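As you go down the protein sequences, you meet chains A and B in turn.
So in this note's numbering the end of the first sequence lands on 110, straight run, no missing numbers.
So in this note's numbering the end of the second sequence lands on 119, straight run, no missing numbers.
Structure first, commentary second.
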Amino acid sequence: RKEVEQDPGPFNVPEGATVAFNCTYSNSASQSFFWYRQDCRKEPKLLMSVYSSGNEDGRFTAQLNRASQYISLLIRDSKLSDSATYLCVVNPERYSTLTFGKGTMLLVSP
Amino acid sequence: NAGVTQTPKFQVLKTGQSMTLQCAQDMNHNSMYWYRQDPGMGLRLIYYSASEGTTDKGEVPNGYNVSRLNKREFSLRLESAAPSQTSVYFCASSAGPFITSGPSTDTQYFGPGTRLTVL
Chain A
1 RKEVEQDPGP FNVPEGATVA FNCTYSNSAS QSFFWYRQDC RKEPKLLMSV YSSGNEDGRF
61 TAQLNRASQY ISLLIRDSKL SDSATYLCVV NPERYSTLTF GKGTMLLVSP
Chain B
1 NAGVTQTPKF QVLKTGQSMT LQCAQDMNHN SMYWYRQDPG MGLRLIYYSA SEGTTDKGEV
61 PNGYNVSRLN KREFSLRLES AAPSQTSVYF CASSAGPFIT SGPSTDTQYF GPGTRLTVL
């Protein structure tokens, strides 16, 4: 099983739609969880960390389910500017480097 | 703050040539990383440095060497470039080291990347 798995998409949604991505990870001892955003031909940028209690930042909500070993990202009221690739990122074990998923592409259309 | 900077932004090499990619961060981070990104492969870790004076191999270290020159700078060297090394290279840094593990120390910040083509 791959360490971090994501549906590559693309997810095609109209402006204003709500879209959700899931990501599964293989190591139950994983410590930290993140969503990064990467625009075409640009560097990855931190979108948000994911905490056990779930957390929200404006239109974005992230959830962590340790029992099922997945994290999710919900985007409400999608904007054209949300079009990007979203990377699921996990610290697979204590004192380790991060493991990046291959990303889920989101395309928001007018 | 500039964050993480990389030079050059673009480079074209011929097979067998050598070059060094430079990376610097001004966030007083302990840990630095070099990744390559290829279509369909995602980000792959080449080398990392958990703290000044240490370096370790990542997932794809063959054909590369690194130097942690000081706390700010981490360079990646291709001694004899091959077409398989055509890629986008990203440098990153994090607060680290791995004494503690959590979002505040693990979050990585990336430079703008170097697009390398080897002919």
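From the three backbone atoms N, C-alpha and C, an ideal C-beta is built for every residue, glycine too.
Since this is a predicted model, take the numbers as computed values, not measurements.
| message | Quick check: what's the CA-CA separation for valine 3 of chain B versus histidine 29 of chain B? | response | In the second sequence, the residue the question calls residue 3 of chain B occupies position 3. In the second sequence, the residue the question calls residue 29 of chain B occupies position 29. Checking the sequence, you will find glycine at residue 3 of chain B rather than valine. Going by the C-alpha atoms only, they are around 10 Å apart.
| field | Close Cβ partners of leucine 74 of chain A (< 6 Å) along its chain, the five nearest in sequence each way excluded | value | Along the first sequence, one-based indexing puts residue 74 of chain A at 74. Within the same chain, leucine 74 of chain A has close Cβ partners Ala20 and Thr61.
| message | Given a cut-off of 8 Å on the beta-carbon distance, is the pair glycine 101 of chain A and glycine 42 of chain B in contact? | response | The count along the first sequence starts at 1 and reaches residue 101 of chain A at position 101. The count along the second sequence starts at 1 and reaches residue 42 of chain B at position 42. Contact: yes.
| request: Return the residue from the list B:Ser67, B:Ser51, B:Gly40 and B:Trp34 that minimises the CA-CA distance to glycine 58 of chain B. | output: For this step, residue 58 of chain B is matched to residue 58 along the second sequence. For glycine 58 of chain B, the nearest C-alpha among the options comes from B:Trp34.
| Taking only beta-carbon atoms, is glutamate 3 of chain A less than 8 Å away from chain B? | On the first sequence, residue 3 of chain A is found 3 positions in, with the first residue counted as 1. With 8 Å as the cut-off, glutamate 3 of chain A does not count as an interface residue toward chain B.
| task | Please indicate yes or no: does the CB of serine 28 of chain A lie closer than 7 Å to some heavy atom of the ligand ATP? | result | As for the ligand ATP, it is missing from this structure, which has no ligand bound.
| task | Tell whether a beta-carbon distance below 8 Å holds between lysine 48 of chain B and methionine 32 of chain B. | result | Residue numbering aside, residue 48 of chain B sits at position 48 when the second sequence is read from its first letter. Residue numbering aside, residue 32 of chain B sits at position 32 when the second sequence is read from its first letter. In the sequence on display, residue 48 of chain B carries tyrosine and not lysine. Closer than 8 Å, so yes.
| task | Take valine 12 of chain B and list the residues in its own chain whose beta-carbon comes closer than 7 Å to its own, dropping the five residues that flank it on each side. | result | Taking the first residue of the second sequence as position 1, residue 12 of chain B is located at position 12. Excluding positions up to five away in sequence, the list reads Thr117 and Leu119.
| request: Measure the C-alpha to C-alpha separation of threonine 15 of chain B and phenylalanine 74 of chain B and round it to an integer number of angstroms. | output: Translated into the one-based positions of the second sequence, residue 15 of chain B becomes position 15. Translated into the one-based positions of the second sequence, residue 74 of chain B becomes position 74. Whole-angstrom Cα-Cα distance: 24 Å.
| task | Show which residues of chain A have a CB atom less than 9 Å away from the CB atom of glutamine 25 of chain B. | result | Numbered from 1 along the second sequence, position 25 holds the residue referred to as residue 25 of chain B. Within 9 Å Cβ-Cβ: nothing; glutamine 25 of chain B doesn't reach chain A, min ~13 Å.
| Do we get a CB-CB distance below 8 Å when we pair aspartate 38 of chain B with the residues of chain A? | Position 38 of the second sequence holds residue 38 of chain B. Cβ-Cβ to chain A under 8 Å: no for aspartate 38 of chain B.
| Would the beta-carbon of leucine 87 of chain A fall within 8 Å of that of glutamine 31 of chain A? | Within the first sequence, numbered from 1, the residue matching residue 87 of chain A stands at position 87. Within the first sequence, numbered from 1, the residue matching residue 31 of chain A stands at position 31. In this structure, glutamine 31 of chain A does not lie closer than 8 Å to leucine 87 of chain A by Cβ.
| request: Alpha carbon to alpha carbon, how far is leucine 76 of chain B from glycine 53 of chain B? Give it in angstroms, no decimals. | output: Stepping through the second sequence from its first residue, residue 53 of chain B is reached at position 53. Stepping through the second sequence from its first residue, residue 76 of chain B is reached at position 76. If you take the alpha carbons of glycine 53 of chain B and leucine 76 of chain B, they lie about 15 Å apart.
| task | Compute the Euclidean distance between the alpha carbons of arginine 76 of chain A and leucine 64 of chain A, then round it to the nearest angstrom. | result | Walking along the first sequence from the start, residue 76 of chain A turns up at place 76. Walking along the first sequence from the start, residue 64 of chain A turns up at place 64. Roughly 18 Å between the two C-alpha positions.
| Of the choices B:Gly113, B:Gln25 and B:Pro39, whose alpha-carbon is the least far from that of arginine 68 of chain B? | Counting from one through the second sequence, the residue named residue 68 of chain B turns up at place 68. Nearest C-alpha to arginine 68 of chain B: B:Gln25.
| Straight-line gap, tyrosine 109 of chain B to methionine 19 of chain B (C-alpha atoms, nearest Å) | Residue mapping note: residue 109 of chain B aligns to position 109 of the second sequence, counting from 1. Residue mapping note: residue 19 of chain B aligns to position 19 of the second sequence, counting from 1. Approximately 24 Å between the Cα atoms of the pair.
| query | How would you list, in chain order, the residues of chain B whose beta-carbon sits under 9 Å from the beta-carbon of lysine 102 of chain A? | reply | For the purposes of this step, residue 102 of chain A is taken as the residue at position 102 of the first sequence. Correct list: Gly40, Met41, Gly42 and Leu43.
| What's the call for arginine 36 of chain B, buried or exposed, on a 16-neighbour Cβ count within 10 Å? | The sequence position of residue 36 of chain B within the second sequence is 36, counting from 1. Counting Cβ neighbours within 10 Å, arginine 36 of chain B comes out buried, since at least 16 surround it.
| message | Per the DSSP calculation, methionine 105 of chain A is bridged to which residue(s)? | response | For the purposes of this step, residue 105 of chain A is taken as residue 105 along the first sequence, with counting starting at 1. Paired residues: A:Thr85.
| request: Going by CA-CA distance only, name the one from A:Leu106, A:Ala84 and A:Ser78 that's closest to alanine 17 of chain A. | output: Your numbering for residue 17 of chain A matches position 17 in the first sequence. Per the Cα distances, A:Ser78.
| request: Please classify leucine 80 of chain A: does DSSP put it in a helix, a strand, or coil? | output: Here residue 80 of chain A refers to the residue found at position 80 when the first sequence is read from its first residue. DSSP places leucine 80 of chain A in helix when its eight states are reduced to three.
| message | Counting only Cβ-Cβ distances shorter than 9 Å, please list the residues of the segment 17 to 35 of chain A near chain B, keeping chain order. | response | Gln31, Ser32, Phe33 and Phe34
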